[in-house]
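Step one of this worksheet: look at the structure below.
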């Protein structure tokens, strides 16, 4: 986009992630949006368009047409309301659509939200719904589940690169440590490596504490042209890049199941567009639906060579205070995973980190540039976003 | 969008709408896309981004992440693939996103498709899935179905404006007449008013022949900047406007259940943007999910005053050869309604009409300007598109 305008985030909001049995999609969407709207000091009527990331309102609670529901309950009619879906990357993809809307000059104030309710259905039905993110005819039909797919990646990675079970556990331990300081995290308990190792086996080698939970939750960001951002906030955070790439829907079709090519592609485009490199990133939110996924992300984003991510965890470098703090809100693992909302919640966390607003135990000092990676399915969709304090 | 480029449609394709029990979402998407790609004489690899309208792959066949599925099976990775959903307006909303992508200068060749598989599930499950387009908590929970909602509109309209049952039937008769000449229509049988009047009552006053069917099907359009359109086609069709508006999700919340305010709003914006008025339209595709919906559409789009649409049907003016030919492919009623694909199929029909390519019995002579109206739910979302032969 040659004629693009710089895009800023001028307000953010989120619900706690967890079990919200008293709240429907509309209530969660409203709660997150109001926080963002109040922060930016705007009236809702100033919003010109909304995008809503939602993976499966249909299979989880029977509700499609989720963007119209949100626009209605938020009192925003008649603005265009667009639901966007790319499995667990629905939030990231929605953000990219809002980014295009502002960057192109089409609108001057766009709300981008994500929302999901997952805990009101019984377990096997939720697992079936999530299977909709993989290839139903070529994967799910034969009995694969998501933990199963990521277990295949983990097992192959252990074989290729000598990763140990204990190193996998360190990802979960770190994310629960960060999550313990985040009042909006789904889980706030700390874990030890031993806790993870002793937890129930789900799909060998992955144990239950290698897996993120299913959560209810919503998150929202307000986007405006950077040139107008100071009308809304003293600390605008600019989106330097928001890129998306696709890969095969089925895991078996990939050239290498230890690499997410969609992440690599989106990351290369994002760094190129932002004129930055991985070493410039002060804080990262990556898609740790399973512990192995976080290690793959670190590598595919270019933070280290393939096969060497675990070293960063052995050295403690991905904790707040380390070289590359990762998932400072607890990530998906402890922070929670309300699938359609996750990609937006990652941005909310980065914005608050760059503003210096989070709890001191998990605040990255002087963070200026953040990166988020949001993945759909086993990697068929990836969105990479780079944000910067200006 | 001040800096916008003119957008042209340079290739179109569609499957027949109907029962495709041998074909999955991927097969339907491929079939429609290949037709468009071959028509434009491009290689798939030239496509830079894809949008896919799909209402409920999840509830109908368990498959979400439908855009990634399409990109994968069409061999388009790693281009961004975005599924867009707004119930039965999913196709129209996807078109608008593709339109923004080209108009903004972001990309030079974008594919926009719609796809749905509805006939592989048993009836009550399909009805439940469609209920996801209304408000689950405030409408569906209390037992409303879609025929029920439209029956409320029809009954009120009969009371307010003296519409007769026979006039409703004339909408179906006209659409089946047009559909009888369309080889891709779901139903190709002609109907008489008596056939409609004698058909099974579904939700008083609506009978089964007032209701569109559920179909399987897909459709695709290829978009490019108008300045480059002649690289692909001798008869580019330009999108003069593609506008979207929202209304309350629940019918009971509306100021008037005989008017779709979202249609009115989108139409006013579209005519204003295109610098045209309703009398300039040579052919229209409107969202006739039920016969009453077509009458409302004609009025809300501004083709006649509120309460007077039926006169056009009494006079036969909405047939090919009349003043305002409507649903020349049979509409949803006879052409079929593969919900996520319908908004794109409407555009495919308009493009072929403006090119003068359809069967002679249903070809509108010298048609230059066409309009499509695509509705989600009972009117919470509406998209209006105006296209023109250049």
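Protein chains in written order, with our numbering: chain A, 1 to 390; chain B, 1001 to 1390.
The beta-carbon is built from N, C-alpha and C at its ideal position, and this holds for glycine as well.
In summary, residue 1122 of chain B is exposed, with fewer than 16 beta-carbon neighbours lying within 10 Å of its beta-carbon over all protein chains present. Residue 15 of chain A sits away from residue 307 of chain A, with the two beta carbons spaced by 8 Å or more.
For residue 285 of chain A, DSSP records a beta bridge to A:372. For the pair of segments examined, the stretch 236 to 246 of chain A was found not to touch the stretch 127 to 145 of chain A: the number of CB pairs separated by less than 8 Å stays below three.
Between the alpha carbons of residue 336 of chain A and residue 211 of chain A lies a distance of about 10 Å. The stretch 1069 to 1079 of chain B makes no contact with the stretch 43 to 56 of chain A; the number of CB pairs closer than 8 Å stays below 3. If you draw a 10 Å sphere on the C-beta of residue 1362 of chain B, you find 16 or more other C-beta atoms in it, and that means buried.
Ranked by Cα distance from residue 1017 of chain B, the first of B:1357, B:1072 and B:1334 is B:1334. A straight line joining the alpha-carbon of residue 36 of chain A with that of residue 1316 of chain B spans about 53 Å. A direct Cα-Cα distance of roughly 54 Å separates residue 200 of chain A from residue 1348 of chain B.
Our two residues, residue 1004 of chain B and residue 1106 of chain B, have alpha carbons roughly 10 Å apart in a direct line. Shortest Cα-Cα distance from residue 1339 of chain B to any of B:1065, B:1046, B:1093 and B:1048 involves B:1093. By the 16-neighbour rule on beta-carbons within 10 angstroms, residue 1377 of chain B is buried. Each residue's CA atom was taken as its position, placing residue 1343 of chain B and residue 1088 of chain B some 8 Å apart. Excluding its 5 nearest sequence neighbours in each direction, residue 202 of chain A has C-beta neighbours in its own chain below 8 Å: 147, 151, 208, 210 and 211, listed in chain order. Residue 143 of chain A counts as exposed, since fewer than 16 other beta carbons sit within 10 angstroms of its beta carbon. Here residue 1225 of chain B is bridged, per DSSP, to B:1007.
Residue 291 of chain A sits close to residue 172 of chain A, with the two beta carbons spaced by under 8 Å.
For residue 73 of chain A against residue 30 of chain A, the beta-carbon gap comes to about 6 Å, under 8 Å, which counts as contact.
Here DSSP, grouped into helix, strand and coil, assigns residue 14 of chain A to strand. When C-alpha distances from residue 246 of chain A are compared across A:309, A:265 and A:255, the shortest belongs to A:265.
Minimum Cα-Cα distance from residue 1288 of chain B among the listed residues B:1185, B:1375, B:1013 and B:1039 corresponds to B:1375. With a threshold of 8 Å between beta carbons, residue 328 of chain A makes no contact with chain B. Taking 8 Å as the CB threshold, residue 1080 of chain B lines the interface with chain A. The continuous beta strand (DSSP E) containing residue 1385 of chain B extends over residues 1381 to 1389. Residues of the stretch 133 to 158 of chain A whose Cβ lies closer than 8 Å to any Cβ of chain B, in chain order: 133, 134, 135, 136, 137 and 140. Counting along the chain, residue 95 of chain A sits inside the alpha helix (DSSP H) bounded by residues 90 to 103. Per DSSP, the continuous alpha helix (DSSP H) segment holding residue 1033 of chain B begins and ends at 1025 to 1040.
Judged by beta-carbon spacing, residue 1341 of chain B lies within the 8 Å limit of residue 1114 of chain B, meaning their Cβ atoms are closer than that value. Residue 216 of chain A has A:18 as its beta-bridge partners, per DSSP.
In the DSSP assignment, residue 1156 of chain B falls within the unbroken alpha helix (DSSP H) covering 1146 to 1161. If the five residues before and after residue 1057 of chain B are omitted, its C-beta is found closer than 7 Å to the C-beta atoms of 1025, 1063, 1064 and 1066, all from its own chain and listed in chain order. For residue 244 of chain A, no alpha helix (DSSP H) run applies; the uninterrupted beta strand (DSSP E) run containing it begins and ends at 237 to 246, by DSSP.
When the Cα atoms are used, residue 1045 of chain B and residue 1231 of chain B turn out to be separated by approximately 16 Å. Under a criterion of Cβ atoms nearer than 9 Å, the residues of chain A adjacent to residue 1261 of chain B are, in order, 77 and 78.
The Cβ neighbour count for residue 183 of chain A, taken over all protein chains shown within 10 Å, is under 16; the residue is labelled exposed.
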